[in-house]
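Residue numbers (our numbering), protein chains in the order written: chain A, -7 to 474; chain B, 38 to 445; chain C, 278 to 733. All C-beta atoms in this analysis are idealised placements derived from N, C-alpha and C, irrespective of residue type, glycine included. Heads up: the structure comes next, in structure tokens.
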């Protein structure tokens, strides 16, 4: 049974095939890694100073985190194993709801969590509309809406805005789950839609274009971040773009491989940053340095994950990216953008590893020294998460890697030399004045939750134009197609 | 199963009938009444009228012809009135006046419509289909829409629901509004409706505008009342699509909404009683004081928004699937917008209650089991009806059987 | 068919009334009650006979059209509510020691009942007029007996208006006699000329007189004062029974179809004006009185569109309005004055009965008020008079608000501090109220067969 049958209410069906197994196994593996990390990487019921630094927030965060994370994994598996769209949607919405609690556990994550919730809710409704339309026989518009709904979850370009905020504000293990596992459900959905014969051809090109744009844009935004978690979050936007490029271009196996690579590598990197924060109380790059001495395992694994993500040819994990790249050959403009994205990725990861682990050592916060015993367990968590990367392979595509590595190094060094002196880089985003502010109906009291209202308005200002634009683009695509 | 009783005016008889639609409605009423029974005793007048309203609601559910339906419907309107003004405050009395003015005007329209229909077709039992002048149907639909709280005639809801005692608000929102929708369903069971574009338009407007107003309302129970207006307009919206599946969704939405909104109003009552909270803006930290109550509230809110696998999702899905089949894109959009609006007016409450700091710390004051259990039961029903939707004998199966009986 | 029970229907209450002044104050009400129950038995017996045929009785053996004829036809079944309401009013009054329970009061009630009986069974116009005078004079007396302030003035006003009506009716009867040469109703109906001024004058005069007796707007001005100041038991008789005599007179009037257009407008005006006046009353009994004006308007409208419906409605309304006035009397009795706020709190049974009566008066199915109203609405629609059907329902909505208002006053307002210890009405009041309230629902439940019986 195809996972894209509409399904009927009250009947849950599940299906297993190779794609399902692929997504499910990486989910479980990364989940185990995150849990092992969280055993020490978050404070227990008694609380502790160190946890705060890890983004843990209030006392007893570990219990709360595990309580949320376990069903989250279950919901992800539900999405992946769903045998019809209705079943998928059920788990998809549960996942969105649990994600809210995951993000909300971070310090100062209120705004990000609310924004996350609204985005997911709208995405879910769009998805629901798409499912209903497909069920009602309107396959074309239905597919468009399905893509949009899944795209929101995946962090596809015009609807990615929630991702950097949520991933950087959530506690580190939660970020690892979000970036490693949860956004992959969106990719899973897009993959299913695009591999379905009923989907209009034109949508492949759309996903391809959006993916490519996201890959470059995310990389550039990541490069200018000074917060390690934010940097990683923007890098996720970029990597999702890479994967979508592959799916859109028809490099399906490569895309699936890269899904696993990114999931694993990003989980490792987020956990590594979490471990650093656990000891040093900060994730600001300016406050860190020289950690390779005190945290050699973390350093090695980060480097390893970074290399895998860059596309280091001696790893099997890099084969996916190579295949995606091959699929682009013959389209020079696409190749150029993809090269920029790859170089950007190299620069990002060099920046992260160099700023955190190399250079002059900074004094760690004396109060956090006590947690040495936890080091072994947190490291174990990282290792488990890195397992999928460990498969060596014969080198392929070496010149391309060397070229991107070189360009990336130049990019990083350029940023290092002049970047801090630049005026704050504002890559132009969509103008924010597009939405007409809705006047309150006369005689009605304004929403009392002023802050919440601000969040909602911000949401409306920032996301809604993007969504509207995407709608227009996709509709145009559909009409052209007909 | 039918039973024909007295002839109360020439050629029109009291006529009881037990079919899938009626069974579903009556069973919903029965369980909801069980949920509102516990709680503080409120005196003889209250108890007697509560029991009377129950009987009359069963009458609405089991009415076998139009006259019997209208009879129980109007008696129910009147029996509920003293319950609404039970608190005897000036506000309550004003709300009661407004309520009466609305429902009686609706009743007058219904009677006129019934007269027109009777002149054309005689005794209209629910087992047959008849040809009647469009005017009769329009009058009847307009009359029912007063109770169903469609937009221009919704005015009694936001006044009467917040002012009534919490169990009565639960019944009003859960079933009183539903009797209007129920009447509309009975109507299209027996007569071919005129083109329903107006009904579509009106209910679509109701869904959206009432939802918007709800987001701007600070008074908790009033916000829930606006939510009822918005949510119950799904039913006429589903009816107006003229699709069997959408109709089944509309029917099952009556039941699902009854438990969700009933539970929410009971929660609101508990919040008022134990914490003195009337307004959303005062709800900071309420969940820490009353975790069980607010837990149920949260679950019911999620259900109302339509988060799967809760019951609100089931009805939305079935309605939406029917609309998609019928190619009714605009109603479908409205349906989803309604869900979004539901999130906009319910989630801030939930968020404030769980995550915002309370104005003052205090001990946990969850109510004692007799009053807590109905609320938890409503939440449990929401889960069970959502997950077990496809089981035989569950509301969805009954609603589909009813929709089959109605045709489409 | 003929039977001596027919004249007995008239003779029993009048003879009983004449005998009352010979009795002690203590036994008068019991006697009155017994006589009225006997009358009720006779009325029921005659109604039973009616299933087979109309009962006719030639007084003194002179056959009609020369002698005085009494006929018990469908319209005469009004004798049943007359006897019933009067019978229940008497014991009701005893507990509150109203002046109607004195021997003189009981006598007036009995004679008035006899007058009404004669009125409903009279088969010729002169007899009709005679009994109309008998019952009218009794009615003036009943109002005048009240100890309320202004009762005398109200009674005098009632007397003036009633006399004017009587004179007009008498003149019209004379005119009819000159036109047709007969006073027997059946004869007159057959010999009526097709048109012409004299005919219109005669019928118009009769109608005007009866409309005044029935207190149709704008000829209603005597009614509210009279009904509101009279003792409650009397109000029940006045509002339930005596104003209906005007309607029965109209139903007896030949050639009424010439006046349909007038009746329908007058009826509609009365219907709405009565309801609107009722809405602004602060006194329960005045509100009930105006509600009567409204209902009479409905019936007058019904005369033009559906006579059966109108007949059904006067029968039902007699019972309903009597139950409401008796309930009002119970409230006033317990409150000790006309300020009845909050009395219902300690009188749940009376309040329930009042509510049931109110529902019946509004005309919600399955109560008695619905049957007639429904038939009249259907009649109006069938005649293509849409606006009037709408007006009838509008009037019902307004009346509903009036009744709701007084339910609030009685049961939802706080009672004054000096009246804490009130209790439920005594049994002797409750039983009449409940009998009437139950009947007002009961006649509605069997409304179909009932209307079929009346429409025969």
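For a contact defined as C-beta to C-beta under 8 Å, what are the partners of residue 152(B) on chain C?
In chain order: 651, 654, 655, 658 and 666.
Residue 18(A) vs residue 255(A) beta-carbon contact at 7 Å:
yes
Return no unless some Cβ of chain B is closer than 7 Å to the Cβ of residue 641(C).
Answer yes: the Cβ-Cβ gap between residue 641(C) and chain B drops below 7 Å somewhere.
Closest residue to residue 68(B) among 286(B), 299(B) and 140(B) (Cα-Cα distance)
It is 299(B) whose Cα lies nearest to the Cα of residue 68(B).
Give, in chain order, every residue of the stretch 0 to 12 of chain A whose Cβ lies closer than 9 Å to some Cβ of chain B.
0, 1, 2, 3 and 4
Strictly by DSSP, which residues pair up with residue 408(C)?
According to DSSP, residue 408(C) bridges with nothing at all.
Mapping DSSP to helix, strand and coil, what is residue 348(C)?
strand
Suppose you measure from the CA of residue 316(A) to the CA of residue 240(A); what does that come to, to the nearest Å?
Approximately 10 Å between the Cα atoms of the pair.
So who's on the other strand from residue 41(B), going by DSSP bridges?
DSSP output for residue 41(B) lists 52(B) as bridge partner(s).
Can you list, in chain order, the residues of the stretch 123 to 136 of chain A whose Cβ is nearer than 9 Å to any Cβ on chain B?
123, 124, 125, 126, 127, 128, 129, 130, 133 and 134
From residue 340(A) to residue 60(A), what does the alpha carbon distance come to, in whole angstroms?
Distance from the CA of residue 340(A) to the CA of residue 60(A), rounded to the nearest whole angstrom, comes to 31 Å.
For residue 721(C), three-class secondary structure by DSSP
helix
Excluding the 5 residues flanking residue 436(A) on each side, which residues of the same chain have their C-beta closer than 6 Å to its C-beta?
Because the pLDDT of residue 436(A) is 37, which lies under 50, any placement of that residue in the model is unreliable, and the question is left without a value.
How many Å lie between residue 416(C) and residue 124(B) at the Cα?
44 Å
7 Å Cβ shell around residue 405(A) - same chain, five flanking residues per side excluded
Apart from sequence neighbours up to five positions away, no residue of its chain approaches residue 405(A) with a beta-carbon distance below 7 Å.
Out of 450(C), 616(C), 285(C) and 681(C), which has the shortest C-alpha to C-alpha gap to residue 478(C)?
Per the Cα distances, 450(C).
Grouping DSSP H, G and I as helix and E and B as strand, with all else coil, what is residue 732(C)?
Of the three classes helix, strand and coil, the one that applies to residue 732(C) here is coil, per DSSP.
Through-space distance from residue 551(C) to residue 495(C), alpha-carbon basis:
10 Å
Find out if the Cβ-Cβ distance for the pair residue 438(B), residue 390(B) is shorter than 7 Å.
no
Is the beta carbon of residue 500(C) less than 7 Å from the beta carbon of residue 544(C)?
no
Any contact between the stretch 231 to 248 of chain A and the stretch 142 to 152 of chain A? By contact I mean 3 or more CB pairs, one from each, below 8 Å.
Yes, they touch.
Can you give me, in chain order, the residues of the stretch 285 to 310 of chain B that have a beta carbon less than 8 Å from any beta carbon in chain A?
Answer set for the stretch 285 to 310 of chain B: empty.
Contact under 7 Å by Cβ, residue 597(C) with residue 637(C)
yes
Enumerated in chain order, which unbroken segments of the alpha helix (DSSP H) with a length of 4 residues or greater are wholly contained in the stretch 168 to 222 of chain A?
Counting only runs of 4 or more, we get 175 to 186 and 194 to 215.
Compare the beta carbon distance of residue 422(C) and residue 382(C) with 7 Å and say whether it is the shorter of the two.
Contact flag set, yes.
If the criterion is Cβ atoms closer than 7 Å, does the pair residue 338(A) and residue 238(A) meet it?
no
Sequence-distant residues of the same chain with beta carbon closer than 7 Å to residue 535(C), five excluded per side:
477 and 480
Which bits of chain B does residue 193(A) rub up against, with CB to CB less than 9 Å?
Per Cβ cutoff of 9 Å: no residues; residue 193(A) is ~23 Å from chain B at best.
Check this for me: beta carbons of residue 55(B) and residue 70(B), under 7 Å apart or not?
no
Partners in chain B for residue 636(C), counting only beta-carbon separations shorter than 7 Å
Neighbours of residue 636(C) on chain B, chain order: 115.
If contact is defined by three or more beta carbon pairs under 8 Å, each pair taking one atom from either stretch, is the stretch 241 to 249 of chain B in contact with the stretch 125 to 141 of chain B?
no
Neighbouring residues, chain E, relative to residue 377(B) (Cβ below 7 Å):
This model lacks chain E altogether, as its protein chains are A, B and C.
Give the straight-line distance between the Cα atoms of residue 655(C) and residue 153(B), rounded to the nearest whole angstrom.
Approximately 8 Å between the Cα atoms of the pair.
With 8 Å as the limit, tell me which residues of the stretch 99 to 127 of chain B have their beta carbon closer than that to any beta carbon of chain C; keep them in chain order.
104, 107, 108, 111, 112, 115, 118, 119, 122 and 125
Can you name the residues of chain B whose CB is closer than 7 Å to the CB of residue 722(C)?
43 and 45
Contact criterion: CB-CB distance below 7 Å. Does residue 425(A) meet it with respect to chain B?
With a pLDDT of 28 at residue 425(A), under the threshold of 50, the predicted position of this residue should be treated as unreliable, and no value is reported.
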